[in-house]
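What follows is one structure encoded as structure tokens, with my remarks underneath.
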């Protein structure tokens, strides 16, 4: 009974107490030397089985041998040498991380110290304050874990550098109006190039340009300039609209006048040509028969003259005039009758 743990002296050390308790339990179970081997085998099996690990679809398994990278395991069931020989890290490679640039600084601090870490110089030497959001995830877990010490800070510094470079070659009007999406895309591409150059193992999925404003100290003056530019653009558009309305009508009037002149030219030319042909025809007839043609022309001329006259005087003594029957012009008495009716 001296082996019973109940007879262990009270002042015995903890190690002695544990040894006495284990010896007592083995004596009770009657294991002896084979029991030690069995327990040792079970412990060895448990130690060896601790190297089994599973990599989820959204993870990468980074196997370390004495703290140094050994291999990268994809999703599935794998095995590595048990601790402390090898260990495994399972970073999430599909998890999208979000990083805010510039939004952490309040308006009060911006007004007090100028917010120089937010201010950027544009391509036309104006100053703006820009806020953007960077979305990124792990592309290569080995590079991500061992090539950079502080991934979030590295992404932030690289993003600020890329954004400043892109805005630095873009005019302020484009930065604040129609090229915001283009600036965000160029910033993403440049940021990815910087991270790849440093072998960061990070993939930039998206860059969103949120706020781009002038500094608070000059925002009122800048708004006045913007309104003046808007008025200038409106006046230019109105002038262009008026020009687009007047110039086509003027061109149409000019084309109409030109066509009328050409038509008149053709008409006058055709009439002159017809008169010339008629004169040549009469001349040819005159050459062939002078007396007949001369008498016909005389009769046509007299007909044109006499048909407009109201009085006709006939010389009865003339040759061949005996057959002319005199007549009374009834139109003249009708005109004279009202005068005779007056008292």
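Residue numbers (my numbering): 1266 to 1608. Cβ coordinates follow ideal geometry from the N, Cα and C atoms, glycine included.
query, result
"Answer yes if the region 1404–1424 comes into contact with the region 1465–1478, meaning at least three C-beta pairs across the two stretches below 8 Å, and no otherwise.", "yes"
"Going by DSSP, what residues sit across from residue 1394 in a beta bridge?", "1384 and 1478"
"For the 8 Å Cβ check, are there 3 or more pairs between the region 1351–1359 and the region 1401–1415?", "yes"
"What are the start and end residues of the alpha helix (DSSP H) that includes residue 1317?", "Segment 1317–1320 is the beta strand (DSSP E) holding residue 1317; no alpha helix (DSSP H) there."
"Here's a check: name, in chain order, each residue in its chain whose Cβ is nearer than 8 Å to the Cβ of residue 1559, leaving out the five neighbours to either side.", "1551"
"Any idea what DSSP makes of residue 1282, helix, strand or coil?", "helix"
"Out of 1321, 1353, 1315 and 1324, which has the shortest C-alpha to C-alpha gap to residue 1331?", "1353"
"What number of angstroms, rounded off, separates the C-alpha of residue 1507 from the C-alpha of residue 1522?", "23 Å"
"Examine the Cβ distances between the region 1474–1492 and the region 1393–1402 and report whether three or more of them are shorter than 8 Å.", "yes"
"Could you tell me which of 1470, 1392, 1529 and 1532 sits nearest to residue 1441, measuring between CA atoms?", "1392"
"When the Cα atoms are used, what is the spatial distance from residue 1486 to residue 1493?", "11 Å"
"Using the beta-carbon count (16 or more within 10 Å), is residue 1537 buried or exposed?", "exposed"
"Closer than 8 Å is the cut-off here; do at least three beta carbon pairs connect the region 1338–1346 with the region 1322–1329?", "yes"
"Helix, strand or coil for residue 1527? Go by DSSP, reduced to three states.", "helix"
"For residue 1320, which option in 1310, 1336 and 1340 has the closest C-alpha, if you only look at C-alpha atoms?", "1340"
"Exposed or buried, what is residue 1543 when buried is set at 16 or more other beta-carbons lying within 10 Å of its beta-carbon?", "exposed"
"How close, in whole Å, do the beta carbons of residue 1683 and residue 1423 come, if the pair is a contact with beta carbons under 8 Å?", "The structure shown does not extend to residue 1683, since the chain is modelled only from 1266 through 1608, so no value can be given for it."
"Roughly how far, in whole angstroms, is the beta-carbon of residue 1364 from the beta-carbon of residue 1444, given that I think they are within contact range, below 8 Å?", "That pair is no contact at about 23 Å."
"Under DSSP, the alpha helix (DSSP H) around residue 1427 begins and ends at which residues?", "1416–1433"
"Would you say residue 1329 faces chain D, with C-beta separation under 9 Å as the test?", "Absent here is chain D; the protein component of the structure consists of one chain."
"State yes or no: is the C-beta of residue 1527 nearer than 8 Å to some heavy atom of the ligand FAD?", "As presented, the structure is devoid of all ligands, the ligand FAD included, so that no description of it is given."
"Which residue comes first and which comes last in the beta strand (DSSP E) that contains residue 1570?", "No beta strand (DSSP E) holds residue 1570; the alpha helix (DSSP H) holding it covers 1555–1571."
"With DSSP run on the structure shown, which of helix, strand or coil describes residue 1400?", "strand"
"Rounded to the nearest angstrom, what separates residue 1431 and residue 1384 at their Cα positions?", "13 Å"
"Cα separation between residue 1496 and residue 1511?", "22 Å"
"Helix, strand or coil for residue 1361? Go by DSSP, reduced to three states.", "coil"
"Helix, strand or coil: how does DSSP classify residue 1484 here?", "helix"
"For residue 1309 and residue 1452, what's the separation of their Cα atoms in angstroms?", "55 Å"
"Can you tell me where the beta strand (DSSP E) with residue 1351 in it begins and where it stops?", "1351–1354"
"Apply the 10 Å Cβ neighbour rule to residue 1490 and answer buried if 16 or more other Cβ atoms are within range, or exposed otherwise.", "exposed"
"For the putative contact between residue 1401 and residue 1469, defined by C-beta atoms under 8 Å, what is the C-beta separation to the nearest angstrom?", "5 Å"
"Measure the CB-CB distance between residue 1436 and residue 1389 and report whether it falls below 9 Å.", "yes"
"Is the beta carbon of residue 1335 closer than 9 Å to that of residue 1351?", "yes"
"Here's a check: name, in chain order, each residue in its chain whose Cβ is nearer than 8 Å to the Cβ of residue 1313, leaving out the five neighbours to either side.", "1347"
"Go to residue 1413, then tell me how far its beta strand (DSSP E) extends in each direction, as first and last residue.", "Per DSSP, residue 1413 belongs to no beta strand (DSSP E) and is neither H nor E."
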